[in-house]
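Taking this note's numbering, the leading residue of the sequence shown gets 46, the next gets one more, and so forth. Don't be surprised by glycine CBs; every beta carbon is placed ideally from N, CA and C.
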Amino acid sequence: MRTLKDLDIEKSIKPRKLIFEESWFDKSDSFISYLIFVALGISSVLCLDQINPQSSNDRVGYYLFPIIISLCLYGFYCKFFEKNLREIKFSIHKEDAKQKILEYGKKYHYRISKISDNLIFLNEPTDDFGMKNTEKTILVFFKGDAILYTLIKEGSRLNFPVLFSQHLTRRDFKKILKK
Numbered sequence: 046m047r048t049l050k051d052l053d054i055e056k057s058i059k060p061r062k063l064i065f066e067e068s069w070f071d072k073s074d075s076f077i078s079y080l081i082f083v084a085l086g087i088s089s090v091l092c093l094d095q096i097n098p099q100s101s102n103d104r105v106g107y108y109l110f111p112i113i114i115s116l117c118l119y120g121f122y123c124k125f126f127e128k129n130l131r132e133i134k135f136s137i138h139k140e141d142a143k144q145k146i147l148e149y150g151k152k153y154h155y156r157i158s159k160i161s162d163n164l165i166f167l168n169e170p171t172d173d174f175g176m177k178n179t180e181k182t183i184l185v186f187f188k189g190d191a192i193l194y195t196l197i198k199e200g201s202r203l204n205f206p207v208l209f210s211q212h213l214t215r216r217d218f219k220k221i222l223k224k
């Protein structure tokens, strides 16, 4: 399980990247994730090289392997940049923005924790592929007239990156902070 031990809020806000003490498990988890994406991507490239596009038997693979390669590249990218904080500017007062983020968390049944002056954790239990004890956490930092946020998924065995819900969350945050 991932722990954000000694998360430094001020140091995280300045470079817009999570600064915390990583355990050996977190480092090995990142390495294993990179290894999975690279191995799957390289094996797909090698298989794609063996496919004859003129053959009717190979036509499915001809379209399937580029999709797998694209997903591997995107997964690698998401894992590599998962600790980077994304910024959304707003024109409302900081306390109003904080209240809207908390209302968003309550509306979508997030477990809200670590409410401080500059940080809110929104935790959502997930059940990815039947693995129990997985959770997606949205970390929201407040910096002047903007929020900095990131999504991190933690699992019982392997912390896969958040691939698509980060875009939905960005859209939701932009929508609620414009009101």
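For residue 216, the three-state secondary structure derived from DSSP is helix. Check the Cα spacing between residue 198 and each of 212, 208 and 191: the tightest is with 208.
With the rule of 3 Cβ pairs closer than 8 angstroms, the region 49-66 counts as touching the region 188-195. When the Cα atoms are used, residue 82 and residue 116 turn out to be separated by approximately 9 angstroms. With contacts defined as CB atoms closer than 8 angstroms, residue 65 and residue 52 qualify as a contacting pair. In this structure, DSSP gives residue 100 a state outside helix and strand, which the three-state scheme calls coil. Residue environment: residue 124 is assigned as buried (16 or more neighbouring CB atoms within 10 Å of its CB, all protein chains considered). By the CB criterion at 8 angstroms, residue 222 and residue 152 fall outside the cutoff. Here DSSP, grouped into helix, strand and coil, assigns residue 155 to coil. Contact check for residue 133 against residue 215 passes: the beta carbons are separated by less than 8 angstroms.
Only residues of its own chain outside the window of five on either side were considered, and among them 167, 194, 196 and 214 have a CB closer than 7 angstroms to the CB of residue 183, listed in chain order. Looking at the DSSP output, residue 131 sits in a beta bridge with 194.
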